[in-house]
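*Asks:* The numbers in the sequence shown follow the numbering used here, run straight up by one, and end at 133. Virtual Cβ for every residue (Gly too), placed ideally from N, Cα, C. Bear in mind that the values here come from a model prediction, so they are computed numbers and not experimental data. There's a structure below that I have some questions on.
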Amino acid sequence: MSYFVVNENCNGCLSCVENCPANALAWKDEGPKRTILHNMARCVRCANCWRICPQHAIEFQHFLENQWYEVKTLDLVHCKICGAPLYTADLKRTISEKMGSEPEPLCPKHRESEFAARQAFIALRKSRY
Ligand code: SF4
Ligand code: SF4
Numbered sequence: 005m006s007y008f009v010v011n012e013n014c015n016g017c018l019s020c021v022e023n024c025p026a027n028a029l030a031w032k033d034e035g036p037k038r039t040i041l042h043n044m045a046r047c048v049r050c051a052n053c054w055r056i057c058p059q060h061a062i063e064f065q066h067f068l069e070n071q072w073y074e075v076k077t078l079d080l081v082h083c084k085i086c087g088a089p090l091y092t093a094d095l096k097r098t099i100s101e102k103m104g105s106e107p108e109p110l111c112p113k114h115r116e117s118e119f120a121a122r123q124a125f126i127a128l129r130k131s132r133y
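Encoded structure:
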């Protein structure tokens, strides 16, 4: 969805086009119609057009409300002890493929305590033999 919206107040004066520092606005006159164009890839979100428009026709509602749009939702892997979110299942798959082994799902705290418990177990076994 474009955050740049021009409402019905626009009279096609082209002030916004002429004052856009990023050349993100353009227009085309075709037959009986003038069309205002906006390029999101070029726009630097300076809002100059919004300030300058004499008709208050530019609505940057999404931009000004600082909204976030969800672009992707992925499955998470959690720490097997405390349930803290660690990384995505897809990232785990990528790492497993590259490393040839599966990372153990442990948060830093429980990775440390698990390591300490293993060390203690090894030391105990050694002391018995
Ligand atoms: S400055 Fe405002 S009224 Fe003029 S063309 Fe741009 S949006 Fe339309
Ligand atoms: S926000 Fe700035 S860069 Fe984007 S269209 Fe308006 S004047 Fe151009």
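#1: Could you tell me the alpha carbon to alpha carbon distance between ARG129 and LYS76, rounded to whole angstroms?
#2: Which full runs of the alpha helix (DSSP H) of 4+ residues lie inside the stretch 89-126, going along the chain?
#3: Where CYS24 and SER6 are concerned, what is the direct C-alpha to C-alpha distance, given to the nearest angstrom?
#4: Does the separation of the CB atoms of LYS84 and GLU108 fall below 9 angstroms?
#5: Who are the Cβ neighbours of ARG97 in its own chain at under 6 angstroms, not counting the five residues just before and after it?
#6: Does the beta carbon of ASN15 fall short of 8 angstroms from some heavy atom of ligand 1?
#7: CB-CB under 8 angstroms to SER100, same chain, minus the five flanking residues each way: which ones, in chain order?
*Replies:* Straight from the coordinates:
#1: 48 angstroms
#2: Listed in chain order, they are 93-103.
#3: 17 angstroms
#4: yes
#5: Here the set comprises nothing.
#6: yes
#7: Excluding residues within five positions, the ones whose Cβ falls inside 8 angstroms are GLU106, PRO107.
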